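Single-structure report; data block below.
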Amino acid sequence: MASADWIHLSTLQLFKMALSGADPWLTAHDALETKRREIMGLIMQRNQYGRQTAIYVQTTGKARQMFRQFMTDVSKLQGDLTNNSLLITSGEVERRQYMVNTLLNKGREMDALLANKAPVPGQAGRNGLQAALAQATRTALVNLMKPWKALR
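Residue numbers (numbering that gives the first Met the number 0): 0 to 151.
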């Protein structure tokens, strides 16, 4: 397809958008947000069961399948934004890019939840590591100050 045809096609799409009052990109984004909430619901439902149960395995499989489709659709949404970025204002491009980035970040969070990358009991989580780092920093500072206190 020649670039002039692409511009004509996109202009036609914009004209249809103006007539219908609906923006297909925003509609697709809203559908992805709904799909994300549905996947999160499945993950929360799955977490109510033991890992060795059949329902846990079935729910995990369904959530993973939906997650893969979600990420594919987010990539398509990013491509649509890239393709139509010359047809909307730069401010709108930035706003929509932020929306795509938010979906990508939420996708990473869902991926971690699906993989059960939560801290294992007995291992320090993020807060535990931060507390340990803060304590080590305080101890190091106190030890650095000891020679100065001795000089007084």
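Where a beta carbon is used, it is the ideal one built from N, C-alpha and C, also for glycine. Predicted model only: the values in this text are computed from it and were never measured.
Closest by C-alpha distance to residue i, when choosing among the options
i, options, result
"F69", "A21, D22, E108 and Q134", "E108"
"A114", "R63, G49 and Y48", "R63"
"M43", "K105, E91, T59 and H28", "T59"
Close Cβ partners of residue i (< 7 Å) along its chain, the five nearest in sequence each way excluded
i, result
"L31", "F69, D72, V73, L76 and L102"
Buried versus exposed, by CB contacts within 10 Å (16 or more), residue i
i, result
"R36", "exposed"
"V99", "buried"
"R50", "exposed"
"I54", "exposed"
"R95", "buried"
"H28", "buried"
"L41", "buried"
"L86", "exposed"
Between the CA atoms of residue j and residue i - distance to the nearest angstrom
i, j, result
"R45", "D110", "14 Å"
"A123", "F66", "Confidence is the limiting factor: at A123 the pLDDT is only 47, short of 50, which leaves the residue's position unreliable, though a coordinate-based value still follows. Their backbone Cα atoms lie some 29 Å apart in a straight line."
"Y97", "S89", "12 Å"
"T26", "N104", "20 Å"
"Q47", "D22", "38 Å"
8 Å CB neighbourhood of residue i in its chain, flanking five on each side removed
i, result
"V92", "L80 and S84"
"I38", "A62, M65, F66, F69 and M109"
"W24", "L76, D79, L80, N83 and R95"
"G106", "R35, F66, F69, M70 and V73"
Contacting residues, own chain, Cβ-Cβ under 6 Å from residue i (five flanking each side not counted)
i, result
"L112", "I42"
"Q134", "none"
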